[in-house]
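Residue numbers (full-length UniProt numbering): 1 to 414.
Cβ coordinates follow ideal geometry from the N, Cα and C atoms, glycine included.
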């Protein structure tokens, strides 16, 4: 029997083959066990569904049979016996279980108010009891969803505990119980990017869009280089540190649809998921896809940030399908006031063919995002109204020649 091993990247989890029996005189059965947070799940094999689970919280844990059997009793619940191949396996499992048994969310945090609700989860503003630090807590009630959603939760918990980037919402802790799970996250008082753009009138100027997009792209470069695809990029999943979009730090959030891949260009994913208005052509056509779907969604987001509309009707499937065949247009009059570099960026992100689409790293180095060029462009730019549209469009056009900073390489690619 293989030794139990902790997850390669997650020191709080443990999994492996164990012989388990539910009654003292019953025959042990070989099962695959996973300890995640304060929950042990039992599976027929590593890829199998959950047969049953146990809560380790406040459980009674003792060791017997020369250090090779753990006698485990849930608080006020059932008892079982875990048999191990060696003392070292037993000791490792015992240490993880004892640590998890004292991890009590209600003892560590106090919920203050609801920040938002979803189909399976509620996000709270909360306070850490030991130092009064404000945090955001995502509470997921497990009995409300099916096995597919369970796997999404598992991916989200794993990802948020292991990714470290200053443009991605920090996950401090995860409390995982049989009936619910709590993800303790960095608290950001600025709300979502979508909320702030709505308050600004539905769209923003190019300088503000660039300030936001450079940060989002930096996070995407990190994710893709480390083998993650977010798969649900949209304004509602970008959180702001404060409400001033011209200066705020933004953070990529909500990793419920995240998936893992070995190569950025490999087409190894095939689940039809995502928010309809942001779904890439290859997902809609049910083809295998890669991390390039994140860049298409970012293109939709960029288009919407700049003109206040989607490239096609938001909730009309036939319009979305038609757009995939005929392409999109810069039909809104706002586009006449925007630079050719902005349009070049949008075209590069909304390419129908994934191999022709900009990667996150290429987009981050697009001429439109050049800080020096935008310092020069916006030095004498007139102030904008609430909607983010320049008060004098002709002045803006005179300040930004249509071919300024457009390189031959970008023209060739797009």
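Straight-line measurement puts the Cα of residue 109 at about 48 angstroms from the Cα of residue 332. When secondary structure is reduced to three states using DSSP, residue 236 falls in the helix class. The segment 131-144 and the segment 197-216 do not touch, with fewer than 3 CB-CB distances between them shorter than 8 angstroms.
Per DSSP, residue 121 lies in no alpha helix (DSSP H); the unbroken beta strand (DSSP E) holding it starts and ends at 121-128.
With respect to the 8 angstroms criterion, residue 209 and residue 252 are not classified as neighbours on the basis of their beta carbons.
Secondary structure note for residue 19: it is in no alpha helix (DSSP H), and the uninterrupted beta strand (DSSP E) holding it is 14-21. Between residue 290 and residue 354 the beta-carbon gap is near 6 angstroms, inside 8 angstroms, which marks them as a contact. As DSSP reads the structure, residue 90 sits in no beta bridge. Around the Cβ of residue 238, a 10 Å sphere holds 16 or more other Cβ atoms; the residue is buried. Here residue 27 is exposed. Its C-beta has fewer than 16 other C-beta atoms within 10 Å. Annotation: the continuous beta strand (DSSP E) that includes residue 110 extends over 109-117.
Contact between the segment 159-169 and the segment 101-121 is absent, with fewer than three C-beta pairs closer than 8 angstroms.
Secondary-structure assignment with DSSP links residue 132 through no beta bridge to anything. Around the beta-carbon of residue 167, 16 or more other beta-carbon atoms lie within 10 Å, marking it buried. Taking the C-beta atoms as reference points, residue 215 is found nearer than 8 angstroms to residue 250.
Separation of residue 173 and residue 36 (C-alpha to C-alpha, rounded to the nearest whole angstrom) is 12 angstroms. With three or more CB-CB distances shorter than 8 angstroms, the segment 79-98 counts as touching the segment 57-64.
Residue 350 is positioned such that its CB atom lies closer than 8 angstroms to that of residue 296. If you ignore the 5 residues before and after residue 181, its C-beta comes within less than 6 angstroms of the C-beta of 140, all in its own chain and listed in chain order. When 43, 130, 245 and 217 are compared, the shortest CA-CA separation from residue 19 is found for 43. At the C-beta level, residue 56 and residue 78 stay beyond 8 angstroms of one another. Relative to residue 23, the option among 244, 142, 41 and 71 whose CA is nearest is 71. Counting only runs of at least 3 residues, the segment 18-81 fully encloses the following beta strand (DSSP E) elements, listed from N- to C-terminal order: 29-36, 39-43, 50-55, 60-64 and 69-73. For residue 250, there is no enclosing alpha helix (DSSP H); the enclosing beta strand (DSSP E) has its first and last residue at 250-252. When the Cα atoms are used, residue 29 and residue 16 turn out to be separated by approximately 14 angstroms. Here DSSP, grouped into helix, strand and coil, assigns residue 95 to helix. A distance below 8 angstroms separates the beta carbons of residue 339 and residue 206.
Beta-bridge partners assigned by DSSP to residue 185: 136 and 171. In the three-state scheme derived from DSSP, where H, G and I count as helix and E and B as strand, residue 208 is classed as helix. Around the C-beta of residue 246, fewer than 16 other C-beta atoms lie within 10 Å, and the residue is accordingly described as exposed. Contact between residue 345 and residue 302 holds: their C-beta atoms lie close to 7 angstroms from each other, under 8 angstroms.
Under the 10 Å beta carbon count, residue 176 is surrounded by 16 or more other beta carbons and is classified as buried.
In the three-state reduction of the DSSP assignment, residue 83 falls in the strand class, which pools E and B. In the structure shown, residue 176 falls within a strand segment according to DSSP collapsed to helix, strand and coil. Rounded to the nearest whole angstrom, the C-alpha separation of residue 329 and residue 277 is 16 angstroms.
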